[in-house]
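Here the sequence shown is numbered in the numbering used here, starting from 160 and rising by one per residue.
Glycine is no exception: its CB is placed at the ideal position from the N, C-alpha and C atoms.
Worksheet for the structure shown next.
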Amino acid sequence: MKIRYFSAEDLLRVHYQVITEFGGRHGVGSVAGLQQVVNTPLQTVDGERLYPTLHEQAAAYLKTIMAEHVFVDAGQATATCVCAMFLARYGRPLTARPIELESFVAHVATGRPSTIEIAAWLRNH
Numbered sequence: 160m161k162i163r164y165f166s167a168e169d170l171l172r173v174h175y176q177v178i179t180e181f182g183g184r185h186g187v188g189s190v191a192g193l194q195q196v197v198n199t200p201l202q203t204v205d206g207e208r209l210y211p212t213l214h215e216q217a218a219a220y221l222k223t224i225m226a227e228h229v230f231v232d233a234g235q236a237t238a239t240c241v242c243a244m245f246l247a248r249y250g251r252p253l254t255a256r257p258i259e260l261e262s263f264v265a266h267v268a269t270g271r272p273s274t275i276e277i278a279a280w281l282r283n284h
């Protein structure tokens, strides 16, 4: 299966849609952070993918968008949408109830869970 990763333009479109639907300010808070989000799911170490599974790549999107403070507003909502869209695109939609997802995303925003822990949660929800 060929994976289509998000480009910077894709991420900006998702952010624009989130802001349009839910409110807030449009804008990029960190251009370097935006590029980091684009690159993170593709990272390799000694020729091996750092995030080899779809759930790990989705987790990398979720965590990195928030950690890098990419957007001036609605970073958590944008990160959640990107993560959910990525998984749904490949037939693995999130099944968590909205309250569960909201609680988990708030936990991810603390920076405590690792990408692997996030991926495990996504796999089970």
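Nearest-angstrom Cα distance between residue i and residue j?
i      : j      : result
VAL190 : ASN283 : 33 Å
PRO215 : GLY186 : Position check: residue 215 holds Glu in this sequence, whereas Pro was assumed. If you take the alpha carbons of GLU215 and GLY186, they lie about 27 Å apart.
ALA233 : GLU259 : 18 Å
THR269 : ALA247 : 25 Å
ARG184 : VAL231 : 7 Å
PRO252 : ALA278 : 13 Å
ALA217 : PRO257 : 18 Å
PHE245 : PRO272 : 20 Å
VAL196 : GLY206 : 20 Å
Could you give the residue range of the alpha helix (DSSP H) that holds residue i?
i      : result
ARG248 : 234-248
HIS174 : 167-181
THR274 : 274-283
MET225 : 213-226
PHE263 : 257-268
LEU201 : Premise fails: LEU201 is in no alpha helix (DSSP H) and is neither H nor E.
Please classify residue i: is it buried, with 16 or more other beta-carbons within 10 angstroms of its beta-carbon, or exposed?
i      : result
TYR175 : exposed
ILE178 : buried
MET225 : buried
ILE275 : exposed
GLY192 : buried
GLU227 : buried
THR203 : exposed
THR254 : exposed
Could you check how far apart the C-beta atoms of residue i and residue j are, in whole angstroms? I think they sit under 8 Å.
i      : j      : result
LEU213 : CYS242 : At roughly 11 Å, the Cβ-Cβ gap does not stay under 8 Å, so LEU213 and CYS242 are not in contact.
Return the residue from the list the options that minimises the CA-CA distance to residue i.
i      : options                : result
SER166 : GLY183, GLU261, THR199 : THR199
GLY188 : LEU171, HIS266, PHE263 : LEU171
LEU201 : GLY182, GLU180, THR223 : THR223
CYS240 : PHE181, TYR210, GLN194 : PHE181
LYS161 : TYR210, GLU261, TYR249 : TYR249
Any beta carbon from chain D within less than 8 Å of residue i's own beta carbon?
i      : result
GLY206 : In the displayed structure, chain D is absent; only one protein chain is listed.
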